[in-house]
Structures are given as structure tokens and as C-alpha cells.
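Residue numbering for the sequence shown follows this note's numbering, starting at 44 and increasing by one per position. In this text, a Cβ means the ideal position worked out from N, Cα and C, and glycines have one as well. Note that the coordinates shown come from a computational prediction; the quantities given were computed from them, not determined experimentally. Report on one structure; see the data block that follows.
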Amino acid sequence: MRDIIALKCEECGEINYSITKNKRTHPEKFEVSKYCKRDKKHTKHKESRDTIKN
Ligand SMILES: [Zn+2]
Numbered sequence: 044m045r046d047i048i049a050l051k052c053e054e055c056g057e058i059n060y061s062i063t064k065n066k067r068t069h070p071e072k073f074e075v076s077k078y079c080k081r082d083k084k085h086t087k088h089k090e091s092r093d094t095i096k097n
């Protein structure tokens, strides 16, 4: 089962990206440097516990 994971900016807390991943095969926290529109620069984005609600 793949879950939609929110990627949250560490600096402003904005959720800028989302990924899908299999929590069973990748239980570790996902962390990546991505561009934040609010900060207008690349910041560290961490997996958030919040799920994307549609
Ligand atoms: Zn930010």
C-alpha cells in the first residue's frame, strides 16, 4: 500500500510537495532539499505526519 506523504518546509512549515511511498519498504523519514516558494530558496523539506486531504 502506497501512502501520500506531505513534504513540509523546515523553515516556514509550508507543505510544498507531496510524494507517494511505501511505508513498509521505506519506513525511514524522507528528507530532501527543495525549492520553497514562500522562502524563495532551497530549504530542507521533511516528511510530515499530515496526510494530504483531497
Ligand atoms: Zn519555506
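Measuring only from the beta carbon, is residue i closer than 7 Å to any heavy atom that is part of ligand 1?
{"i": "Arg67", "result": "no"}
{"i": "Thr63", "result": "no"}
{"i": "Asp46", "result": "no"}
{"i": "Arg81", "result": "yes"}
{"i": "Glu57", "result": "yes"}
{"i": "Glu54", "result": "yes"}
Would a C-beta distance cut-off of 8 Å place residue i and residue j closer than the cut-off?
{"i": "Lys66", "j": "Asp46", "result": "yes"}
{"i": "Lys83", "j": "Glu74", "result": "no"}
{"i": "Lys89", "j": "Glu53", "result": "yes"}
Going by the DSSP bridge assignment, what does residue i pair with across the sheet?
{"i": "Cys52", "result": "His88"}
Which runs of the beta strand (DSSP E) at least 3 residues long sit entirely within the stretch 62-96? Give them in chain order. 74-79, 84-91
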